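Number of protein chains: 4
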Amino acid sequence: MEEYKWLNNILNDDTEKITDKQKLIIRAAIELFSKQGYAATSTREIAQKAGVAEGSVFKLFPTKKDLILWIIKHIIKTSLFPLISSGINELMEKPFNSREDFLNAFFENRLELIQEGAPLFKILIQEIPFQPEIRAMLLEQFKKLPLDIIAKKLITTEINSDFNEIDIINIIITCLTGFFFSRIIMFPEIFPENRIKNDAAVLVRFMSRGFKSEKEQNL
Amino acid sequence: MEEYKWLNNILNDDTEKITDKQKLIIRAAIELFSKQGYAATSTREIAQKAGVAEGSVFKLFPTKKDLILWIIKHIIKTSLFPLISSGINELMEKPFNSREDFLNAFFENRLELIQEGAPLFKILIQEIPFQPEIRAMLLEQFKKLPLDIIAKKLITTEINSDFNEIDIINIIITCLTGFFFSRIIMFPEIFPENRIKNDAAVLVRFMSRGFKSEKEQNL
Amino acid sequence: MEEYKWLNNILNDDTEKITDKQKLIIRAAIELFSKQGYAATSTREIAQKAGVAEGSVFKLFPTKKDLILWIIKHIIKTSLFPLISSGINELMEKPFNSREDFLNAFFENRLELIQEGAPLFKILIQEIPFQPEIRAMLLEQFKKLPLDIIAKKLITTEINSDFNEIDIINIIITCLTGFFFSRIIMFPEIFPENRIKNDAAVLVRFMSRGFKSEKEQNL
Amino acid sequence: MEEYKWLNNILNDDTEKITDKQKLIIRAAIELFSKQGYAATSTREIAQKAGVAEGSVFKLFPTKKDLILWIIKHIIKTSLFPLISSGINELMEKPFNSREDFLNAFFENRLELIQEGAPLFKILIQEIPFQPEIRAMLLEQFKKLPLDIIAKKLITTEINSDFNEIDIINIIITCLTGFFFSRIIMFPEIFPENRIKNDAAVLVRFMSRGFKSEKEQNL
DNA sequence: CATGAATGAGCTTTCATTCAT
DNA sequence: GATGAATGAAAGCTCATTCAT
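Protein chains in written order, with this note's numbering: chain A, 1 to 219; chain B, 1 to 219; chain C, 1 to 219; chain D, 1 to 219.
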C-alpha cells in the first residue's frame, strides 16, 4: 500500500503528530478493514500486520472503534474532501468549448482519484449505514464543498442549462456515485480498466446532452 | 416489520417449506442485520428477537453464515429480481408518447419497490464487497433480467436513440443505483419522501434529454 | 454388524423383552461407541444410524449413560462371561497328551471369540477406567468364572505344576490380556490374522514350558 | 500431583520453553484427563483447576485436541521411552547368574516406573484406539527402543533360549502389558502394592522357566 | 514507552433431553 | 407408541482490552 498518495495525506496531517509506529498501525488497519471489513478484522491481526505489539494499538486508540473513527474522520478530511474539490479551481478558470469537454475533464480527474482511493471508499461505505456519527461528519463536510461553483460553470458553459444549481449538483452526484459505486466498490472484477474509461466517455456524452436546455436543443 | 410485502415473498417461497418458528428467525435476522450489520448481530440476539431458543436458529441454518446466505439468496430470488422486472411487461406493451413518459412510469414503479425494500438492500450492500459467493449469485441473476427489452423500448419510443443497448442499460443502472444508493441506503434521513419524488422527476427529465440522439435534437 | 453372534446374544436375552426398534438402537450404539468412543458419539448419530427418531432412543434408556450401562451390562453378561467359559466343560472332559496341547486348544477357542468380540472389548476398555460401577459389575462376574477348574486341569495334565491355582489363573489372565489387548484393541493394523495365529502358538509353547515344575524339568 | 517425577520431565523439556502458567495448565489437564477422560473434561474445568483464565488455555494450545496431543507427544517422548529403556544399559552390562535374576531386576525396574506413571498410561490407553495419529507416533518411537539388546541378553544369559529375538520381545511385551494393564489401569483397587510385588515374582519365575530351551530343560 | 501474556465476557455451535403432536 | 421440533445449558473458542514487566 506504500504507493497510495492518500495514505501519506492521512498520515501526514500536520494538525496531529503521530509516531511512525502509529502510522504502521493505521496503514495496516486501513488495508485490513477495506479487505475484510471492520468487524471481521481483529486487533491482533492489525498489530501483526503493522509489526507492533497488540498493546501499542491501544495507545493512540483506546478502543477499536476509536481506531476506525479516526481513520474515517481522516479519510473524509484529507481524502474525500480533496477528492471532490481537487483541481476544481483550475477547471473553473479554464474555458471549455462545450459542456461535454468540461464534464470529460471533470470525470477524468475524479476517475483516477476514485480508483486510487477505492480502499478508503470501501471502508466508508461499510460503516456509513450503521454509524450516525459518520453520517453527521460527512454531511458537515459536504456543505464545505464548492458544488455550487461546479454547477455555475456547467450552467454558463455553452448556453444556460434550464436546470437549477441544486438539481445539477444532485444529478452529478447521482451519476458519479452510481458510476463508481457499482464499478469499483461492488463489482470490481467485472469492470476492467479500459471498459471503465469507455463507459465514462459514454456517460459524459449522455450527461452533456441531458443538461441541454430545451432552448439549446432547438437550435 | 409485519407490513413489508417482500417479507411474505421471502417467507412464502413455495419451493421450500419453512415452519412458523423459522419464519420468526428469518424475520428477526433480516431486521437486525439491516439495522446493525451481519457481524455485529449475535445469534443470541436473533433468537431473543424471534422469541425462540438459540438452538433453534441452528436447526434450519447450520451456521450463522448459512443464515445470511439463505436470506441473501432469497432476497435476490424473491425481491431483487422481481423488483427490477416487475411490471416491466405491462410497461413494455403500453404505448408512451415520449421517452420521458416511459422513464417516469418506470422510475415511479421502482421507487416504491426500492423504498420498501430498503432493509434488504442494506443487507445486500454490506455483504457484497466481502463475499464473492454473493457477487457470483447476483451476476448470475443479472443475466436473466429483461434489460435488453427495456433498452429496446427506449430506443423505439420517439425517435431512435443513438446509444446502443448496452450503453443504455449501463446508463439506466448508473442513474438508478446512484439515485437510490445515496438517498435510501446511505443518507436516508436527509431525503424526505416528497423530495425524493421531486428529485426523481428532475432526474427523469435529465435522462430523457440525455437519451435524445443528435438527430432528434436538431429536429 | 449383522454377522456378529454376540449381537444376537445381547439382543435376545430372554430375561428382558426389547422391541425391534430398540434392537436397532443398541446395534447402532455398539457400532458407534466402539468406533468413536462413548463421549464422541451423539444420540442423534445413534438415532440416525438406527433409523429411528431421537426421542425413541430415550424411551428404553432415559439417559445416554443408561444406554451404555445397559450395553456394558449385557456385554459382560452375555458375551464376556461366555467368552471365558465357553467350551470349558468340553475342554475339561477331554484328555490332553500335554499341557501344550491343552493350552493350544484353550487359546484357539478364545482367539476366535476375542477377535469377533473386539468391538465389545473396545467399549469395555474405554469405560472401565472411569466408571466404578462397571468395575464392580465385572468383578462380581469374575467370581463366577470356572477359573479354578482350568487351573486344576493344567495342574493335572502331565505332571503337576508347582504353581498354585491362583498363580496359574493370574498367569493365564496376564498372558491372555497382554496378548489380545495390544493386538486387537490397541494396534489392530500391525497384527495381521496369520501373524496372530503364529504368535499365539509361540506364546503357548512359552507358557507350557513356563508351567513346568522344577521336578518335571529335571526328568 | 506435585510429587510425580515424570511431570517435571514433561514440563522441563529443554527443547520447548513453556511458562509457569502453561505448566499449571498441562498439570491440570493431565490430572483431569487421567481421572475423567479427555472428552469428559472441559477446557473450563482445566482452566479452573490450573487457576488461570480459560483464554490462557488456548494461548499455547489453539485447540483442545492440540492440548492432548501435546501431552501425549510428551508422555511418549519423556516418559514412555525412558520408562522402557531406563537402566537398560546398566542391566545389560551387569552379569546375572540366571535368567530369573535378570528378569527380576528388569521387572522391578519397570514396576516402579509404571506404577508412578499410571496417570499417563491411562491417558494414552484411552486415546490410542480412536486416534490414528497417536498410534503412528507410538509405533515410530517403538522402533527406537533397544528391544533387541534385551532379547540378546536373555538369550546369552545361562544357556541360549531356543526362541528367536522377535519372539522373545513379543513374549516380554505380552507379559509386561498383561501384568500392568489389568493391575494398574483397569483394576487398581483390587491389586494392593504387596500383592503386585508377589505376583511379579511369580510371573518372573514363570517366565524364566518359559524361556528355557528344550536342551536346558533336559540337563 | 513498548510489550504480549493474561483476562473473561461473549461468541458460535453442539447435544442430551423434553414434550406436543 | 413414535416422532422430531424445540429447548437451553454448556461446550470450544475468539477477541478487545488491561497491565505487570
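Glycine included, each C-beta is placed from N, C-alpha and C at the ideal position.
Since we're looking at a predicted model, the values are computed, not measured.
{"Check": "Alpha carbon to alpha carbon, what distance is there between B:I26 and D:P82?", "Outcome": "59 Å"}
{"Check": "DSSP three-state call for B:T156: helix, strand or coil?", "Outcome": "helix"}
{"Check": "Which residues mark the beginning and the end of the alpha helix (DSSP H) in which D:E140 is found?", "Outcome": "P132 to K144"}
{"Check": "What in chain A is Cβ-close to B:S182, meaning under 8 Å?", "Outcome": "I173, T174 and T177"}
{"Check": "Kindly indicate the opening and closing residues of the alpha helix (DSSP H) around D:I107.", "Outcome": "Reading off the sequence, residue 107 of chain D comes out as Phe, not Ile. Here the alpha helix (DSSP H) through D:F107 covers R99 to E116."}
{"Check": "If we call anything under 8 Å between Cβ atoms a contact, is B:G210 one with A:M137?", "Outcome": "no"}
{"Check": "Could you run through the stretch 35-54 of chain B and flag, in chain order, every residue whose CB is less than 9 Å away from some CB of chain A?", "Outcome": "K35, Q36, G37, Y38, A39 and A40"}
{"Check": "For the stretch 99-120 of chain C, enumerate the residues whose C-beta is nearer than 7 Å to any C-beta of chain D, in chain order.", "Outcome": "none"}
{"Check": "Closer than 9 Å by beta-carbon distance: list the chain A residues that pair up with B:L145, in chain order.", "Outcome": "The premise fails here: B:L145 is roughly 14 Å from chain A at the closest Cβ pair, so nothing lies under 9 Å."}
{"Check": "Does any heavy atom of the ligand ADP sit closer than 7 Å to the C-beta of D:I114?", "Outcome": "The ligand ADP is not part of the structure shown, which contains no ligands of any sort."}
{"Check": "If the cut-off is 7 Å on Cβ atoms, which residues from the stretch 126-155 of chain C count as contacting chain D, listed in chain order?", "Outcome": "Q126, I128, P129, F130, R135 and L139"}
{"Check": "From A:T156 to A:I10, what does the alpha carbon distance come to, in whole angstroms?", "Outcome": "36 Å"}
{"Check": "What is the DSSP secondary structure of B:A53, counted as helix, strand or coil?", "Outcome": "coil"}
{"Check": "Who are the Cβ neighbours of D:S85 in its own chain at under 7 Å, not counting the five residues just before and after it?", "Outcome": "L145 and P146"}
{"Check": "Please determine, among A:K23, A:Q22 and A:K35, the residue with the shortest C-alpha to C-alpha distance to B:P132.", "Outcome": "A:K35"}
{"Check": "In chain A, what lies closer than 8 Å to B:N8 by C-beta?", "Outcome": "Simply none; closest approach about 24 Å."}
{"Check": "List the whole-angstrom C-beta distance separating A:E45 from A:L32, where the pair is believed to meet the contact cut-off of C-beta under 8 Å.", "Outcome": "6 Å"}
{"Check": "Per DSSP, what kind of secondary structure is C:K73 in: helix, strand or coil?", "Outcome": "helix"}
{"Check": "Is A:I18 helix, strand or coil by DSSP?", "Outcome": "coil"}
{"Check": "Excluding five sequence neighbours on each side, which residues of the same chain lie with their C-beta closer than 6 Å to the C-beta of D:N104?", "Outcome": "V204"}
{"Check": "How about C:K122: is its C-beta nearer than 8 Å to some C-beta of chain D?", "Outcome": "yes"}
{"Check": "Classify C:R195 as buried or exposed, calling it buried when 16 or more other Cβ atoms lie within 10 Å of its own Cβ.", "Outcome": "exposed"}
{"Check": "Nearest-angstrom Cα distance between D:V52 and D:F61?", "Outcome": "14 Å"}
{"Check": "Within the same chain, show all residues whose beta-carbon is closer than 6 Å to that of D:A28, passing over the 5 residues directly before and after it, in chain order.", "Outcome": "I46, K49 and A50"}
{"Check": "Quick one: list the residues of chain B neighbouring A:G210, beta-carbon separation under 7 Å, in chain order.", "Outcome": "F206, M207, R209 and G210"}
{"Check": "Is C:M92 close to chain D, meaning its C-beta is less than 8 Å from at least one C-beta of that chain?", "Outcome": "no"}
{"Check": "Closer than 7 Å by beta-carbon distance: list the chain B residues that pair up with A:L203, in chain order.", "Outcome": "I171 and T174"}
{"Check": "Return the chain-ordered list of same chain residues with a C-beta closer than 8 Å to the C-beta of C:F179, the five sequence neighbours on each side being excluded.", "Outcome": "D199, A200 and L203"}
{"Check": "Can you check whether the C-beta of A:I190 is within less than 8 Å of a C-beta belonging to chain B?", "Outcome": "yes"}
{"Check": "Would you mind sorting B:K197 into buried or exposed? The rule is 16 or more other CB atoms within 10 Å of its CB.", "Outcome": "exposed"}
{"Check": "Please specify which runs of the beta strand (DSSP E), each continuous and at least 3 residues long, are wholly inside the stretch 149-200 of chain A, giving them in chain order.", "Outcome": "none"}
{"Check": "So, is C:A40 buried or exposed, given that buried needs 16 or more other C-beta atoms within 10 angstroms?", "Outcome": "exposed"}
{"Check": "For chain C, is any of its Cβ atoms less than 8 Å away from the one on D:I196?", "Outcome": "no"}
{"Check": "Of all Cβ atoms in chain C, is any one closer than 8 Å to the Cβ of D:F187?", "Outcome": "yes"}
{"Check": "Residues of chain A with CB under 8 Å from B:D66, in chain order?", "Outcome": "Those within 8 Å of B:D66 in chain A number zero; the least Cβ separation is about 17 Å."}
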